[in-house]
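In the numbering used here, the protein residues as written are -8 to 265.
Here the structure is laid out as structure tokens; the discussion comes afterwards.
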């Protein structure tokens, strides 16, 4: 039958353009299906992101054209701006394999639709599109699209954020952010370091008394150590707490002893970064 001649995705190569949180989540799912993963090498990725990329065994290549040549499927997860306008153009499509699949769930303007139409006709490129160049901005409106009518296009309606689950998740997220802020913590701060570059982490179980942390910080100051991040959690009953302090500097070998000598410290441990 005609359906027995289709090809599976196991062992195929997925090219991911835009390897942020969404792109990595896609990579995790694709890896579970046995796909090979490739993305673009770029500077500025933090250590935590690079560790996730390495754990997924993503091959990083210098440019999008090499990615296109290697990929059986290309998926887009980039914001729309001047740099990404028509990122997928005729040149990129020329580098794609005949019959390859292009998936766009980012923004319609990232793809040059006339060029994609030509590639569909000339080399059998197939497209899975959740976004289109002239899609309605409101909840209703007239929408006509030549690419949406092409037999090589599988289109969806760009309403993933409008499902009941997504709406509940957004509401729950707002509550979590406001609750954390009221308690003195900032969630999802855009400029917060994701992966500490500190020399060591100090964990201190201490009595919840006035001035204890001041004494701890005094020990660190006299050792010429800088505090990069700090969190102090008080246990139920408000008798004891645990402080976690990320420090930078030349950590003395006896720092743990100095902290344990403080009267109101129950136990202190120093763990040096690898």
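Think of the CB as a built atom: it goes at the ideal place given N, C-alpha and C, for glycine as much as any other residue.
This one's a predicted model, so the numbers in the text were calculated from it and none came from an experiment.
Q) Among all the DSSP beta bridges, which residues are the ones paired with residue 50? A) 29
**Q.** Beta-bridge pairing of residue 6 - partner residues as DSSP gives them
**A.** 29, 65
Q: Name, in chain order, the residues that DSSP records as bridge partners for residue 71.
A: For residue 71, which the question treats as bridged, DSSP gives no partner whatsoever.
Q: Could you have a look at residue 233 and say whether DSSP puts it in helix, strand or coil?
A: strand
Q. According to the neighbour-count rule (16 or more other Cβ atoms, all chains shown, within 10 Å of its Cβ), is residue 95 buried or exposed?
A. buried
Q. Quick one: is residue 257 buried, meaning 16 or more other Cβ sit within 10 Å of its Cβ, or exposed?
A. exposed
Q. Would you call the region 60 to 75 and the region 30 to 46 touching, i.e. three or more CB-CB distances under 8 Å?
A. no
Q. To which residues of the same chain is residue 224 closer than 7 Å at the C-beta, ignoring the five residues directly before and after it?
A. 232, 233
Q) How many whole angstroms separate the CB atoms of residue 236 and residue 217, which I take to be in contact at a CB cut-off of 8 Å? A) The pair is not a contact, with the Cβ atoms about 10 Å apart (cut-off 8 Å).
Q: Identify whether residue -2 lies in helix, strand or coil by the three-state DSSP scheme.
A: coil
Q. With contact counted as at least three CB pairs below 8 Å, one residue from each stretch, are the region 74 to 82 and the region 25 to 37 in contact?
A. By the Cβ rule, the region 74 to 82 does not count as touching the region 25 to 37, because fewer than three pairs are nearer than 8 Å.
Q: Give the straight-line distance between the Cα atoms of residue 102 and residue 260, rounded to the nearest whole angstrom.
A: Separation of residue 102 and residue 260 (C-alpha to C-alpha, rounded to the nearest whole angstrom) is 54 Å.
Q) Can you tell me whether DSSP reads residue 58 as helix, strand or coil? A) Helix, per DSSP.
Q. Among the residues of its own chain, which have a CB less than 6 Å from the CB of residue 253, if the five just before and after it don't count?
A. 206
Q) Would you say residue 167 faces chain B, with C-beta separation under 9 Å as the test? A) The question asks about chain B, but that chain is absent: this structure has only one protein chain.
Q. Is residue 35 helix, strand or coil when you go by DSSP?
A. coil
Q.
Let me check one thing: in DSSP terms, what residues is residue 94 bridge-paired to?
A. Under the DSSP definition of a beta bridge, residue 94 partners with 66, 119.
**Q.** Touch test, the region 130 to 146 against the region 160 to 172, Cβ-Cβ under 8 Å, three pairs minimum
**A.** no
Q: Whole angstroms is fine: what's the gap from residue 212's alpha carbon to residue 250's?
A: Going by C-alpha positions, residue 212 is about 12 Å away from residue 250.
Q.
Give me the DSSP bridge partner(s) of residue 143.
A. None; residue 143 has no bridge partner.
Q. Looking at the unbroken beta strand (DSSP E) that takes in residue 214, where does it start and where does it end?
A. Run containing residue 214: none; DSSP gives neither H nor E here.
Q. Smallest Cα separation from residue 4: which of 16, 33, 49?
A. 49
Q.
In the DSSP output, what is residue 223 paired with across the bridge?
A. 234
(Q) Output needed for residue 124: all residues of its chain with C-beta closer than 7 Å, excluding positions within five of it in sequence on either side, in chain order. (A) Counting only Cβ-Cβ distances below 7 Å, and skipping sequence neighbours, we find 99, 100, 104.
Q. Using CA coordinates, which residue listed in 189, 156, 13 is at the minimum distance from residue 269?
A. The structure shown does not extend to residue 269, since the chain is modelled only from -8 through 265, so no value can be given for it.
Q | Selected residue, minimal CA-CA separation from residue 47, among 67, 64, 21 | A | 21
Q: Mind checking which residues open and close the beta strand (DSSP E) that includes residue 193?
A: 191 to 198
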